[in-house]
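Quick mapping for you: the protein sequence lines, in order, are chains W, G, F and E.
Under numbering that gives the first Met the number 0, the first residue of the first sequence is numbered 0, with each subsequent residue one higher.
Under numbering that gives the first Met the number 0, the first residue of the second sequence is numbered 0, with each subsequent residue one higher.
Under numbering that gives the first Met the number 0, the first residue of the third sequence is numbered 0, with each subsequent residue one higher.
Under numbering that gives the first Met the number 0, the first residue of the fourth sequence is numbered 0, with each subsequent residue one higher.
Here is the structure we will look at.
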Amino acid sequence: MSEAEVVNMPIAKAINEGLRRAMADNDRVILMGEDIGTLGGVFRVTDALQAEFGSARVLDTPLAESGIIGSAIGLAMNGYRPVCEIQFDGFIFPGFDQITSQLAKLTSRHDGLLNFPVVIRVPYGGHIGAVEHHQESPEAYFAHTPGLRLVSPSTANDAYWMIQQAIASNDPVMFFEPKAKYWAKGDVALEGEPLGLHKTRVARIGKDVTVVGHGAMVPVLLQAAQVAQSEGTSIEVLDLRSISPIDYDPILESVRKTGRLVVAQEAPGSVSVGSEIAATVAEKAFYSLQAPVLRVSGYDTPFPPAKLEGLYLPDADRVLEAVDRTLSY
Amino acid sequence: MSEAEVVNMPIAKAINEGLRRAMADNDRVILMGEDIGTLGGVFRVTDALQAEFGSARVLDTPLAESGIIGSAIGLAMNGYRPVCEIQFDGFIFPGFDQITSQLAKLTSRHDGLLNFPVVIRVPYGGHIGAVEHHQESPEAYFAHTPGLRLVSPSTANDAYWMIQQAIASNDPVMFFEPKAKYWAKGDVALEGEPLGLHKTRVARIGKDVTVVGHGAMVPVLLQAAQVAQSEGTSIEVLDLRSISPIDYDPILESVRKTGRLVVAQEAPGSVSVGSEIAATVAEKAFYSLQAPVLRVSGYDTPFPPAKLEGLYLPDADRVLEAVDRTLSY
Amino acid sequence: MPWVQDPQPVQFLTPDGDFAPNESAQAFAAELESLDLVALQEMYRDMALTRAFDTECTNLQRQGQLALWVPSVGQEGAQVGSARAALPQDHIFPSYREHAVARIRGVNLVNVVAQFRGVTHGGWDVTDPAHGNFHLYTLVIGSQALHATGFALSQVLDATKKAGEKDLPAGAQGRETNEATIVYFGDGATSQGDVNEAMIFAASYQTPQLFFVQNNKWAISVPVERQARTPIYRRAAGFGLKSIQIDGNDILASYAVSNRMLKDARAGGGPQFIEALTYRIGAHTTSDDPTKYRENEELLEWQAKDPIRRFEKYIKSQGAEDSFFEQVAADAGELALKIRDGVLHMPVPEPGAMFKHVYAEEHPVMQGQAAWLERYENSFEAGESA
Amino acid sequence: MPWVQDPQPVQFLTPDGDFAPNESAQAFAAELESLDLVALQEMYRDMALTRAFDTECTNLQRQGQLALWVPSVGQEGAQVGSARAALPQDHIFPSYREHAVARIRGVNLVNVVAQFRGVTHGGWDVTDPAHGNFHLYTLVIGSQALHATGFALSQVLDATKKAGEKDLPAGAQGRETNEATIVYFGDGATSQGDVNEAMIFAASYQTPQLFFVQNNKWAISVPVERQARTPIYRRAAGFGLKSIQIDGNDILASYAVSNRMLKDARAGGGPQFIEALTYRIGAHTTSDDPTKYRENEELLEWQAKDPIRRFEKYIKSQGAEDSFFEQVAADAGELALKIRDGVLHMPVPEPGAMFKHVYAEEHPVMQGQAAWLERYENSFEAGESA
Ligand SMILES: Cc1ncc(C[n+]2csc(CCOP(=O)(O)OP(=O)(O)O)c2C)c(N)n1
Ligand SMILES: Cc1ncc(C[n+]2csc(CCOP(=O)(O)OP(=O)(O)O)c2C)c(N)n1
Ligand SMILES: [Mg+2]
Ligand SMILES: [Mg+2]
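Structure follows, in structure tokens:
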């Protein structure tokens with residue numbers, strides 16, 4: 000891959016570029032959502048796409064999430080590949096029935112004779128100081144639902160490629176965008192062969208403790224690893240990338256090496272993706288684990304008012320506290 | 000407690016009696032739902048209650064689950080204690096936003112100054128040979144949601160008491176009724192002091208392996224224990240009763256004794272209540288466990304057509320297979 | 000005070016089968032011109048065979064061969080009239096009671112029964128042209144309305160592209176598509192948010208769509224008065240759909256108004272709505288006991304308005320002969336036998352089927368669990384043979 | 000062809016402040032009789048102070064003191080007119096922009112700002128009688144409409160019990176309650192299933208309720224033409240609600256029609272609906288840049304219809320003196336200072352607050368996590384002091 004093809008850009012822009020390329024490549028790809036057209040989305044992720052592709056491919060919809068997902072299903076039935084934007088994580092729930100009882104089940108209801116290549120983009124997570132319903136991490140609801148795929152990029156390069164891979168998938172894909180990192184820049188290789196959509200990535204090699212997370216958690220984990228290094232602890236950081244299915248091989252491989260695992264997530268910990276990883280690793284790596292798998296999560300409360308989000312959201316300190324605890328076994 | 004106060008009745012009738020008593024005791028208790036009035040519900044759980052209390056206390060609603068939950072919230076704001084029936088598990092999702100973004104959060108949004116004593120009755124689970132959406136186990140979605148309480152009786156006595164305790168609670172309670180067991184009879188002590196709503200119950204004492212489950216899983220676990228006994232394995236059976244919060248003390252106590260745990264549930268296993276129990280027990284009983292916590296669950300597929308439900312739903316054989324596996328460590 | 004003056008529901012045939020179009024019907028009379036005796040007889044046959052099918056399925060359920068049956072008895076007029084107005088290129092999104100429509104569009108009725116025997120959640124290949132673009136039944140009340148709207152929107156997008164245009168601004172007029180989408184649902188379903196959102200989206204994008212509500216007066220045990228205080232067709236008018244109420248037991252009314260509205264929809268006239276006043280003569284499903292909640296007089300009253308008997312009288316007056324009716328009766332008997340045979344010999348899916356189509360693409364969890372189940376099942380056979 | 004002939008929106012005051020009731024207004028003129036100059040001045044003051052409040056909050060946001068502000072500029076006429084028609088016993092469910100209503104009902108406006116400073120998701124004690132039954136803001140678009148309907152249903156149930164009756168059959172007429180419920184929402188919100196279900200339930204139970212939509216032409220960047228092809232008030236009429244469109248920038252129209260409808264609702268007349276045509280003069284929120292999606296001419300056009308200036312001219316013609324306006328200006332300045340001071344001194348919640356009211360009753364997970372967090376926080380202090 001030549002250097003000329005590498006461009007430094009923020010994550011929001013990388014998604015925008017990925018969308019643009021997917022739309023240019025396939026005229027059945029359409030975008031739908033609230034305020035995604037003229038405005039380019041409240042986070043400007045779809046900026047300029049309506050001007051380029053027209054309002055028959057970048058559709059501002061009426062204000063109704065069930066309507067957005069339900070219509071996307073009908074569009075998919077006629078060969079379209081709709082990419083729906085949910086404006087904020089907390090507003091996905093009015094569309095919940097269409098996602099879980101319809102979209103997730105329709106491939107099997109049709110015995111695989113029809114596909115439902117619908118992408119649902121969800122800007123998710125905290126750290127933006129916003130009001131209620133604007134900072135949530137609802138991944139667990141969908142990860143529990145058979146028939147959906149869930150992914151979440153943590154870098155600009157992944158954002159660019161994974162949105163295209165999600166659109167190319169013939170299955171429904173929920174695409175969780177770490178909105179607090181929309182403006183975080185990174186190098187994007189515009190050409191080349193990306194990592195598989197559902198692959199866990201080793202983000203930093205270490206040997207004492209494994210930590211795993213996705214989205215906006217990954218930079219926190221890397222920061223924790225940095226701090227730990229200065230204190231003599233070597234942390235291996237895994238970027239989950241795919242929340243459903245989970246690519247367990249790299250996690251198990253790492254745990255077999257370190258014997259210790261900390262799972263970090265912004266979502267409430269009970270019945271969460273972290274619970275699943277902890278349960279599965281504790282089962283599959285039973286003889287390798289030298290300490291219980293520890294979870295660092297949002298508390299089991301509604302996402303608090305912004306002034307408390309710093310306490311609520313796992314930061315490097317909380318990750319390190321758990322790392323220290325696993326080392327104390 | 001005198002013997003005269005013990006009556007043998009099916010679970011559906013026990014809930015009916017519990018509802019009747021709660022309504023007689025407190026005229027702010029009202030029932031709402033589709034077909035619960037004249038018809039007495041499609042499972043007849045509310046049979047004869049409209050005739051007794053009137054259609055201003057047993058309300059047949061328009062056909063809209065969001066409308067049912069959303070109105071129940073408004074009723075609760077004026078001091079009513081609404082008990083909502085969702086006709087079948089799979090039809091709860093149109094009401095999902097009102098449950099998770101409103102009902103579950105409203106107590107904290109109000110700083111505790113208003114309470115939301117809403118009960119949501121959900122006939123749930125398989126084993127009735129029904130069509131799509133009629134046999135699901137959606138507990139995980141709600142157990143992940145802060146602000147809700149989830150319980151599920153497995154006996155007629157619990158059914159009678161727990162529905163009353165749920166109605167008496169000042170918090171929103173989701174009441175999962177094992178519909179396949181509606182006609183299973185049991186002794187109900189009509190007076191006396193019931194076990195706490197959120198207590199795990201030891202349903203059978205054993206020493207080799209602990210198994211835990213709720214609702215219609217419990218009789219399956221007891222059956223497995225019976226079979227195991229004849230093969231020389233002593234299984235301790237725990238009836239979870241409360242899905243959120245989970246009463247971990249009896250589980251940990253049992254695991255400290257047996258060193259082995261199998262968690263059984265009808266729901267898909269990924270990111271499930273079983274994942275949470277497995278993760279937590281593996282953490283809290285790290286040094287006691289002699290084998291990994293194993294989960295026996297529905298597969299991670301949509302609930303299959305009825306002819307396959309026998310394969311999908313964990314039965315005593317599948318529980319025993321897992322028991323054997325934990326013993327092989 | 001009424002806020003709108005409701006016209007009479009469109010009616011051509013009186014309950015006694017006399018052709019006597021009322022005032023509301025006049026505007027649609029031209030739609031019937033193309034119906035010759037052959038066509039009329041075909042429509043009669045549609046209704047009669049569907050009823051025979053329903054009777055057979057009810058019997059099969061009683062005999063333990065089906066977990067459940069959902070009869071359409073009494074609603075055949077509304078269904079057949081509208082379905083016969085659809086063109087082959089139109090798409091149809093049913094609820095779960097549109098057996099007459101399924102048959103007309105080419106679906107083998109045995110496949111419609113499959114989900115009630117518990118062997119599938121679907122039953123037919125919707126991509127097979129032989130099935131007339133008849134989509135799967137949907138059991139979550141009202142949710143198919145949005146799928147239909149999305150499908151109809153895709154028809155608009157296709158037409159937009161074909162016209163070489165790239166925009167679909169807010170407020171734009173409807174566009175000629177030459178194909179339409181019909182969605183069926185019940186009176187109870189009109190209370191669901193999804194059905195209302197579907198009308199809102201349809202109006203917004205001016206989709207080529209016909210919303211067809213069979214107001215059969217009941218949603219299980221709940222009377223339509225609980226869902227609506229005003230005629231349901233007015234809701235659609237409020238959303239800006241063209242909306243008309245018809246005598247749903249008059250197959251000619253159903254045909255004529257559907258035909259006109261579908262033509263209008265295909266030509267760019269935007270979404271349309273029909274409220275067909277009809278009645279569910281049987282139980283909601285075979286699990287239901289309607290005597291618990293409704294009066295026998297009501298049933299008798301509606302039996303007197305039966306869509307089949309009414310139409311029988313009419314086509315006799317138009318020249319249909321006894322031999323025709325004898326042939327239909329024979330066909331009905333044959334259909335019943337075919338259904339029975341098909342149901343009794345319906346294959347049970349392989350265990351592995353559960354995992355096969357959850358995802359369109361490879362999925363490690365499906366592969367792992369399918370393999371586990373196979374090993375597990377084999378362990379018994381091994382054990383048994385050992 | 001239009002399917003309904005729309006009357007003119009009710010208007011008493013022209014944009015220039017002349018009292019010239021149009022035809023639609025005639026029927027409501029009697030509602031204004033009780034408004035003497037004192038009352039009119041109070042209404043003016045309501046609008047002026049709300050605008051000063053909005054300006055101050057926008058400044059506070061610009062200065063980094065608030066995460067966000069949601070201005071109501073331009074919509075004060077619709078809000079104040081309706082809020083002044085409400086009686087103390089009525090309950091009010093706002094969306095998130097009804098600052099004028101909050102103030103009128105007795106909520107300290109500092110508390111309204113609290114959630115935008117990130118210290119709470121609520122902000123005031125809705126059970127305190129001093130707060131005039133003004134419920135919390137709701138950010139999930141349209142969901143409060145169902146809460147309002149449930150609340151209004153509770154008013155029906157209370158009245159039913161009081162009347163010694165136990166039944167509420169389908170189709171029953173409305174019942175006198177002597178109290179009503181108002182719910183506010185926007186034009187965009189009318190597309191949500193919940194708002195439609197709320198109207199359906201309200202019609203079904205004939206609740207004493209006023210649905211008040213402020214059609215400010217925009218839902219963030221989406222024009223109302225995307226939500227609705229026909230005037231929104233017609234939707235409500237379709238559901239069987241009494242429904243009227245008004246000039247929402249005419250405070251007298253808002254007051255008169257709200258007053259009439261609330262009286263009707265309290266007397267058992269069932270649910271009512273007002274579509275107030277107004278305009279969001281400012282940005283959707285301080286995060287928004289409306290120049291990206293709307294034309295300056297539109298803004299200028301609506302600025303010319305400003306509800307405050309219009310009403311100022313009118314009450315001057317009715318005898319309001321300069322001293323009154325000076326006093327209002329002084330009060331506005333004082334309010335702004337009070338708000339600023341209140342915001343800057345707003346206490347930040349304790350960490351433990353997060354766990355405190357998630358449940359009304361004891362909860363082991365909350366206790367455990369609160370204790371953990373306390374220990375964890377203390378460990379830093381311990382470390383720091385060590
Ligand atoms: C979301 C949802 N809630 C509840 C049900 C259970 N249910 C099945 S049919 C039915 C009544 C439907 O009435 P209507 O829409 O009038 O159709 P009909 O059966 O009369 O044709 C109900 C409540 C369901 N299938 N889906
Ligand atoms: C369910 C939901 N979806 C999306 C949003 C994001 N959002 C906030 S305000 C708004 C527009 C609301 O428009 P309208 O109802 O007209 O009210 P207005 O802001 O104009 O007063 C949107 C889309 C939300 N708050 N809730
Ligand atoms: Mg019906
Ligand atoms: Mg608006």
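Note that beta-carbon positions come from the ideal geometry of N, C-alpha and C, so glycine has one too.
Small disclaimer: the values here were computed from a predicted structure and weren't measured.
- prompt: When Cβ atoms are compared, which residues of the stretch 108-127 of chain E fall closer than 7 Å to chain W?
  reply: 114, 115, 117, 118, 119, 120
query: With distances taken from each beta carbon to the nearest heavy atom of ligand 3, which residues come in below 6 Å, in chain order?
result: Close to ligand 3, as judged by a C-beta nearer than 6 Å to any of its heavy atoms, are the residues F:185, F:186, F:187, F:215, F:217, F:218, in chain order.
- prompt: Taking just the CA atoms, how far does residue 169 of chain E sit from residue 178 of chain E?
  reply: 22 Å
message: Using a 10 Å radius around the Cβ and a threshold of 16 neighbouring Cβ atoms, would you call residue 101 of chain G buried or exposed?
response: buried
task: Please report the Cβ distance between residue 253 of chain G and residue 325 of chain G, rounded to the nearest whole angstrom; I am assuming they are in contact, meaning their Cβ atoms lie under 8 Å.
output: About 13 Å; that fails the 8 Å criterion.
message: Does chain E have any CB closer than 8 Å to the CB of residue 307 of chain W?
response: yes
- request: Output, in sequence order along the chain, the residues in the stretch 135-146 of chain G whose CB is closer than 7 Å to any CB in chain W.
  value: Listed by position, the residues of the stretch 135-146 of chain G near chain W (Cβ gap below 7 Å) are 139, 140, 142, 143, 145, 146.
Residues that residue 132 of chain W contacts on chain G, provided the C-beta gap is smaller than 8 Å: Ordered by position in chain G, the residues that pass the 8 Å Cβ test against residue 132 of chain W are 100.
Proximity to residue 349 of chain F [Cα-Cα], best of G:318, G:10, G:309: Among G:318, G:10, G:309, the Cα nearest to that of residue 349 of chain F is on G:309.
query: What does residue 54 of chain W touch in chain F if you count any residue whose Cβ is under 8 Å from its own?
result: Neighbours of residue 54 of chain W on chain F, chain order: 165, 166, 167, 168.
message: Is there a Cβ of chain F sitting closer than 8 Å to that of residue 233 of chain E, yes or no?
response: yes
Secondary structure, beta strand (DSSP E): runs of 3+ residues fully inside the stretch 122-187 of chain G: 148-150, 172-177
message: Alpha carbons only, please: which of W:321, W:250, W:171 is nearest the one belonging to residue 71 of chain W?
response: A check of alpha carbon separations from residue 71 of chain W across W:321, W:250, W:171 identifies W:171 as the nearest.
- prompt: To the nearest angstrom, how far is it from the Cα of residue 7 of chain W to the Cα of residue 287 of chain E?
  reply: 27 Å
message: Determine whether the beta carbon atoms of residue 231 of chain E and residue 212 of chain E lie at a separation below 8 Å.
response: Yes, Cβ-Cβ distance for residue 231 of chain E and residue 212 of chain E is below 8 Å.
field: Any chain E beta carbon closer than 8 Å to residue 123 of chain W
entry: no
field: the stretch 301-320 of chain W / the stretch 105-121 of chain E touching (three or more Cβ pairs under 8 Å)
entry: yes
field: chain F contact for residue 6 of chain E (CB, 8 Å cutoff)
entry: no
message: Using DSSP's beta-bridge definition, name the partner residues of residue 92 of chain F.
response: According to DSSP, which records beta bridges pairwise, residue 92 of chain F is partnered with F:182.
Whole-angstrom C-beta distance between residue 148 of chain F and residue 99 of chain F, which should lie under 8 Å: With a Cβ gap of about 23 Å, residue 99 of chain F and residue 148 of chain F do not count as contacting.
field: Residue from G:93, G:11, G:14, G:132 whose Cα sits closest to the Cα of residue 303 of chain G
entry: G:132
field: Option in G:314, G:196, G:270 with minimal Cα separation from residue 299 of chain G
entry: G:270
field: Element boundaries [beta strand (DSSP E), containing residue 210 of chain E]
entry: 208-214
field: Limits of the unbroken alpha helix (DSSP H) element including residue 198 of chain G
entry: Segment: none, residue 198 of chain G is in no alpha helix (DSSP H) and carries neither H nor E.
message: Just to confirm before moving on: does the CB-CB distance between residue 82 of chain G and residue 120 of chain G stay below 8 Å?
response: yes
Residue closest to residue 163 of chain E, alpha-carbon to alpha-carbon, out of G:53, G:31, G:288, G:16: The alpha carbon of residue 163 of chain E has as its nearest neighbour, out of G:53, G:31, G:288, G:16, the alpha carbon of G:53.
field: Contact with chain G by residue 117 of chain W, beta-carbon distance below 8 Å
entry: no
query: Which residues in chain G sit within 8 Å of residue 198 of chain F, going by Cβ to Cβ distance?
result: Those within 8 Å of residue 198 of chain F in chain G number zero; the least Cβ separation is about 15 Å.
field: Cβ of residue 300 of chain G within 8 Å of any chain W Cβ
entry: With 8 Å as the cut-off, residue 300 of chain G counts as an interface residue toward chain W.
- prompt: Secondary structure at residue 53 of chain E, three-state DSSP: helix, strand or coil?
  reply: Residue state, collapsed to three classes: helix.
query: Does DSSP put residue 112 of chain F in a helix, a strand or coil?
result: helix
Cross-chain neighbours of residue 162 of chain F in chain G, by beta carbon under 8 Å: In chain order: nothing, as chain G lies at least about 37 Å away.
- prompt: residue 187 of chain E touches chain W at which residues, Cβ-Cβ below 7 Å?
  reply: Within 7 Å Cβ-Cβ: 62.
task: Tell me, please, whether the stretch 238-248 of chain W touches the stretch 191-204 of chain W by the rule of three or more beta-carbon pairs shorter than 8 Å.
output: yes
- prompt: So is residue 212 of chain F in contact with chain G if we call contact Cβ pairs under 8 Å?
  reply: no
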